[in-house]
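Counting in my numbering, the sequence shown runs from 225 upward without gaps. Ideal Cβ placement from N, Cα and C applies to all residues, glycine included.
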Amino acid sequence: MNEPGDQEAMDQAIRDTAQNWFLRISEGKLTERDLFDFKAWRDADQRHHKAYEEIRCLWNEVDELKFAFAPTDRELIHSRKHPPLAGKSDSPERLDVRNPGFRHRSRVWSGLIAACLALFILYTSDFASILRADFRTSVGEQKKVTLPDGSIALLNTETAISTNFANNRRQITLLGGEALFEVAKDPARPFSVKAGDGVATAIGTAFTVSDLDETVFVRVIEGTVKVSGPDHNDTGSLEKSRHAVTLTAGQQVRYGAGELPGGVTPAIADSDIAWTKGFIVIKGEPMDQAISKIDRYRPGKIFIAADASELQPITARLSIEMLDVGLEALVSTHGLTVTRLTDYVLIIH
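Below, the structure is given as structure tokens:
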């Protein structure tokens, strides 16, 4: 009799084997012998068959990728040459090739989606920003940088900055992402961070600046920061900023492209700056929004193959260094499971 731990390990081994077969078949590079071995494995145990079908059905529920896993010509031909064992049958939709464009479209979609996934993984940062950046982080990476004046910049995931300390200046340009600045005091040289169409200026303080989805947030942790934005002349073009708001510790302000800084919010939420301490804090957010926030810190993509609107709001505190462990624990509290197809593709179902 198997112990519970042995059974769990056996079930995981079956799931892993099913995933490996599924990915190999989807690539369309299997020989007829490989496909014969797959069918022998699948039909040898009902648990094998069930695990493989669960993986296939999961992908069919993900609209963005489902065409990538249509059966290949070779599998269809092999299915006719080697019928399944007695009592087993392939689902009809996998063998229907009456549509003359079916086989060609499946090959085209598979190639296109594979290429898009590769580009998504390798080039998630804006390439122009990478070329201009003096310091940058990749997805999921955080980096502490000591600047020439002794100030500290902590870069969050997928962040890029350029620096200008020439001619007695202390200027930073946030090219994208999010950063915390701990500014060394120097009254003769104000420290400024340009993000979007605005500039945050301080003498000695600590504050964060984020530029995500074309919206900039400036949040002050310590000291005082002046945030200035563009004004417009009669022709509608941007002039040197004459409008500014002053923030003190615990306050924040936002602005978009071509906008003046909005109203000052009197307090910073813990979740807004939790990343500076290595955490993601989620407070009462819908499942899809919570997963989107987590997804920022992982290369690749997390897909939800469930009706997120029917799930309870998420409240959690996750360590960025152990994000996948925290993600699995989080979704399990909602009766869901994480399936890892590759290190870059996770499905919640």
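Does residue i get closer than 7 Å to chain C when you measure Cβ to Cβ?
| i | result |
| --- | --- |
| Val-555 | No chain C appears in the structure shown, which is made up of a single protein chain. |
Would you mind stating whether residue i and residue j have Cβ atoms separated by less than 7 Å?
| i | j | result |
| --- | --- | --- |
| Phe-431 | Val-444 | yes |
| Gln-236 | Leu-565 | no |
| Ile-363 | Pro-523 | One detail in the question is off: residue 363 reads as Val in this sequence, not Ile. Taking 7 Å as the Cβ cut-off, Val-363 and Pro-523 qualify as a contacting pair. |
| Phe-582 | Arg-393 | There is no way to answer for residue 582, as the model of the chain reaches only from 225 to 573. |
| Asp-428 | Val-407 | In the sequence under discussion, the amino acid at residue 428 is Gly, which differs from the Asp named in the question. Contact flag set, yes. |
| Gly-474 | Ile-497 | no |
| Thr-387 | Ile-396 | yes |
| Phe-389 | Pro-372 | yes |
| Thr-500 | Leu-404 | yes |
| Leu-398 | Val-451 | no |
| Gly-570 | Ile-518 | The sequence shown places Leu at residue 570, rather than the Gly named in the question. No, the pair does not count as a contact, with Cβ atoms beyond the cut-off. |
| Tyr-479 | Val-440 | yes |
| Glu-438 | Ala-481 | yes |
Enumerate in chain order the residues of its own chain whose CB-to-CB distance from residue i is below 8 Å, with the five nearest sequence positions on each side excluded.
| i | result |
| --- | --- |
| Tyr-276 | Ala-242, Trp-245, Phe-246, Arg-266 |
| Tyr-521 | Val-363, Gly-364, Thr-381, Ile-504, Ile-544, Leu-547 |
| Val-555 | Thr-561, Val-562, Ile-572 |
| Gln-366 | Leu-378, Leu-379, Asn-380, Thr-381, Trp-499, Gly-502, Ile-544 |
| Asp-567 | Pro-523, Gly-524 |
Rounded to the nearest angstrom, how far is the Cβ of residue i from that of residue j, given a contact under 8 Å?
| i | j | result |
| --- | --- | --- |
| Val-469 | Pro-485 | 5 Å |
| Asp-358 | Ile-385 | 7 Å |
| Ala-419 | Thr-448 | Ala-419 to Thr-448, Cβ: 18 Å. No contact. |
| Leu-379 | Gly-400 | Incorrect: roughly 11 Å between the Cβ atoms, too far for contact. |
| His-272 | Ile-249 | In fact, because the Cβ distance is near 14 Å, the residues do not count as touching under 8 Å. |
For residue i, which residues of its own chain have a beta-carbon under 7 Å away from its beta-carbon, when the five flanking residues on both sides are left out?
| i | result |
| --- | --- |
| Arg-304 | Residue placement at Arg-304 cannot be trusted, given a pLDDT of 43 that sits under 50; what the coordinates show is reported in the next sentence. Here the set comprises nothing. |
| Gln-231 | none |
| Lys-409 | Ile-427, Gly-428 |
| Thr-472 | Val-444, Thr-448 |
| Val-442 | Ala-424, Phe-431, Val-433, Val-449, Val-451, Leu-471, Gln-476, Val-477 |
| Asp-494 | Val-505 |
| Glu-446 | Thr-429, Ala-430, Ala-473 |
| Arg-356 | Ser-386, Leu-399 |
Tell me which same chain residues have a C-beta within less than 6 Å of the C-beta of residue i, skipping the five on either side of it?
| i | result |
| --- | --- |
| Gly-559 | none |
| Ala-264 | none |
| Ala-532 | Met-511, Asp-512 |
Using 8 Å as the threshold, is the region 505-515 in touch with the region 534-544, meaning 3 or more CB pairs across them? yes
What beta strand (DSSP E) runs, 3 residues minimum, are completely inside the region 390-435? 395-406, 415-419, 422-426
Mind pulling the alpha helix (DSSP H) runs of 4 or more residues that sit fully within the region 498-546? 511-519
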